[in-house]
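> Chains A and B are the protein sequences, given in the same order. The opening position of the first sequence corresponds to residue 1 in my numbering, with each subsequent residue numbered one higher. The opening position of the second sequence corresponds to residue 101 in my numbering, with each subsequent residue numbered one higher.
2 protein chains.
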Amino acid sequence: MCEANAYIRNKDKETLVMEAVDLVTPEEGGIRLISIFGDQKFIKGHIDALSLVNHKIYITEE
Amino acid sequence: MCEANAYIRNKDKETLVMEAVDLVTPEEGGIRLISIFGDQKFIKGHIDALSLVNHKIYITEE
């Protein structure tokens, strides 16, 4: 499977916010993360970077 | 492997811009796509959405 773990990146700090993310969709004022298990989380921020071979999604909060 | 294909999304149209993308990094005025083969492409835009189980990265141009 090709899901990835989502991290909020703040300067040098990476905070895991969701594992096994499949979908990330834009939503009013931010983005919605949806995992392969159906878990959902809204984050006021945007996708900053990806490192897919390492299964990482980096998010910057706004 | 967990790379994905990057598409520019414009209304209902999806245009493939790079296959097998591993890294997407922010860069002045846009984002840089880097594939697992080392190909690179700069795009004036941002990551809009992800559908990782389907190996898709959606980009909106600015």
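Cβ atoms here follow ideal geometry from the backbone N, Cα and C, with glycine treated the same way.
Within 10 angstroms of its Cβ, does E128(B) collect 16 or more other Cβ (buried), or is it exposed?
Here the question's residue 128(B) lines up with position 28 in the second sequence. With fewer than 16 other Cβ atoms within 10 Å, it is exposed.
> Quick one: give me the first and last residue of the beta strand (DSSP E) that L16(A) is part of.
Taking the first residue of the first sequence as 1, we reach residue 16(A) at position 16. Element bounds for L16(A): K13 to E27.
> Grouping DSSP H, G and I as helix and E and B as strand, with all else coil, what is N54(A)?
In the first sequence, counting from the first residue as 1, residue 54(A) sits at position 54. Correct three-state label for N54(A): helix.
> List, in chain order, every chain A residue whose beta-carbon is nearer than 9 Å to that of D112(B).
As a working mapping, residue 112(B) is identified with position 12 in the second sequence. In chain order: nothing, as chain A lies at least about 16 Å away.
> Strictly below 7 Å CB to CB, what residues from chain B border D48(A)?
For the purposes of this step, residue 48(A) is taken as the residue at position 48 of the first sequence. Residues of chain B passing the Cβ test: P126.
> Is DSSP giving F137(B) helix, strand or coil here?
Here residue 137(B) is taken as the residue at index 37 of the second sequence, counted from 1. Residue state, collapsed to three classes: coil.
> So is D48(A) buried or exposed if we call it buried at 16+ other beta carbons inside 10 Å?
By one-based count along the first sequence, residue 48(A) stands at place 48. Buried.
> Just how far apart, CA to CA, sit T125(B) and K13(A)?
One-based indexing of the second sequence puts residue 125(B) at position 25. One-based indexing of the first sequence puts residue 13(A) at position 13. Taking the straight line from one Cα to the other gives about 17 Å.
> Note down, in chain order, each residue of its chain lying with its Cβ closer than 6 Å to the Cβ of E19(A), except the 5 sequence neighbours on either side.
Start at 1 with the first residue of the first sequence, and residue 19(A) comes out as number 19. Around E19(A): N5.
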